[in-house]
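>
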Amino acid sequence: MLEVTRVPLSVPGPVPTGRTNAYIIGDDPAVLVDPATRDSRLENALSNRTVEHIFVTHCHPDHVGGVATYAETFGATVWARAGRESPFTEATGIEPDKRFAPGETISLEGGTFECIDAPGHTPGHVVFALRGVAGSSAPPAAILVGDCAIADGSVAVTAPEGDMRAYLSTLRRLRTHDAQRLYPGHGPAIEAPREALERLLAHRLERERRVLAAVDDGAASPEAIVDVAYEKDVSHVFDLARATVVAHLEKLAVEGALTWDGTRATV
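Heads up, my numbering is the position in the sequence shown plus 5, with the first residue counted as 1.
1) Express the C-alpha separation of H65 and A270 in angstroms, rounding to a whole number.
2) Are the CB atoms of E228 and R212 nearer to each other than 8 Å?
3) Along the chain, which unbroken stretches of the beta strand (DSSP E) at least 3 residues long are found entirely within the region 156-222?
4) Can you tell me the Cα-Cα spacing of A154 and G125, whole angstroms?
5) According to DSSP, is N26 helix, strand or coil?
6) On the CB-based measure, 16 or more other CB atoms within 10 Å of its CB, does H210 come out buried or exposed?
7) Count the other CB atoms, across all protein chains shown, that sit within 10 Å of the CB of G151; report buried if there are 16 or more and exposed otherwise.
8) Taking DSSP as the reference, what is the three-state secondary structure of D232?
9) Buried or exposed for H208, please, with buried defined as at least 16 other CB atoms from any protein chain shown within 10 angstroms of its CB.
10) In angstroms, rounded to a whole number, what distance separates the CA positions of T74 and F60?
11) So, using beta-carbon positions, are V239 and I230 closer together than 8 Å?
12) Quick one: grab the DSSP three-state call for V61.
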């Protein structure tokens, strides 16, 4: 079984829980996932270890800020998702050494590391499933889910980058893996994956219902829809709420539930 070490790192800017989790997979050599920044806590956790590979779930700055530093420190092989090399290099400042495609499995001492497509939060988001035996059909012991899930609250899926339709599909696919544990990009490990994924899915579908009801009642602009579709005061995160509403409107328009011209919604 692959050992997983979670190291919460303080990062600049507003992020859930105020920290981003870096993960160390395996003992020595190890795989480093989402090194958000150079940090003494991560360096202490890596003392007496060699990092052989570096992966990221997605290219947001709060997940990749330490990639270049730790790649140089350890001489590690840096991986990027095939087809996403440009945003990876733009975010990290370095070019990847190797590319991986969703579905690819990398064998490590003690288990395997499988790359799984998981778009929604960002277009190229991936998650990593950990299994104890190569070729095993058993559910993964754990999945590193990046910003697909969180133990408390919800994940930001915001236009224009976020795709609500893809995100809901990702949640449903993650549910089918029946993992024993999820390791998110922010906050503690998720010990009851199915319940957490069901909660996140229900939250998004309820918000979608409220958005559609608001449009039904005559709200047309994203700003007007926010005022109706959110049951609590979101003035302190209004831009985030607005971008979330737009992501819902884009999904509903694709599915034919309403008409959205980029400015106003109608049914």
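Think of the CB as a built atom: it goes at the ideal place given N, C-alpha and C, for glycine as much as any other residue.
This is what the structure gives:
1) On the sequence shown, residue 270 is found 265 positions in, with the first residue counted as 1. On the sequence shown, residue 65 is found 60 positions in, with the first residue counted as 1. Each residue's alpha carbon lies about 30 Å from the other.
2) On the sequence shown, residue 228 is found 223 positions in, with the first residue counted as 1. On the sequence shown, residue 212 is found 207 positions in, with the first residue counted as 1. No. Outside cutoff.
3) 187-189
4) Numbered from its first residue, the sequence shown carries residue 154 at position 149. Numbered from its first residue, the sequence shown carries residue 125 at position 120. So the alpha carbons of these two residues sit roughly 11 Å apart.
5) Against the sequence shown, residue 26 aligns to sequence position 21. Strand at N26.
6) Here residue 210 is taken as the residue at index 205 of the sequence shown, counted from 1. First, the residue type needs correcting, since residue 210 is Leu and not His in the sequence shown. So L210 counts as exposed.
7) Against the sequence shown, residue 151 aligns to sequence position 146. Buried is the call here.
8) In the sequence shown, counting from the first residue as 1, residue 232 sits at position 227. Residue state, collapsed to three classes: helix.
9) Position 203 of the sequence shown, counting from 1, holds the residue named residue 208. With fewer than 16 Cβ atoms within 10 Å of its Cβ, H208 is classed as exposed.
10) Position 69 of the sequence shown, counted from the start, is the residue given in the question as residue 74. Position 55 of the sequence shown, counted from the start, is the residue given in the question as residue 60. Looking at the two C-alpha atoms, the distance is approximately 13 Å.
11) On the sequence shown, residue 239 is found 234 positions in, with the first residue counted as 1. On the sequence shown, residue 230 is found 225 positions in, with the first residue counted as 1. No.
12) Taking the sequence shown and counting its residues from 1, the one referred to as residue 61 is at position 56. DSSP places V61 in coil when its eight states are reduced to three.
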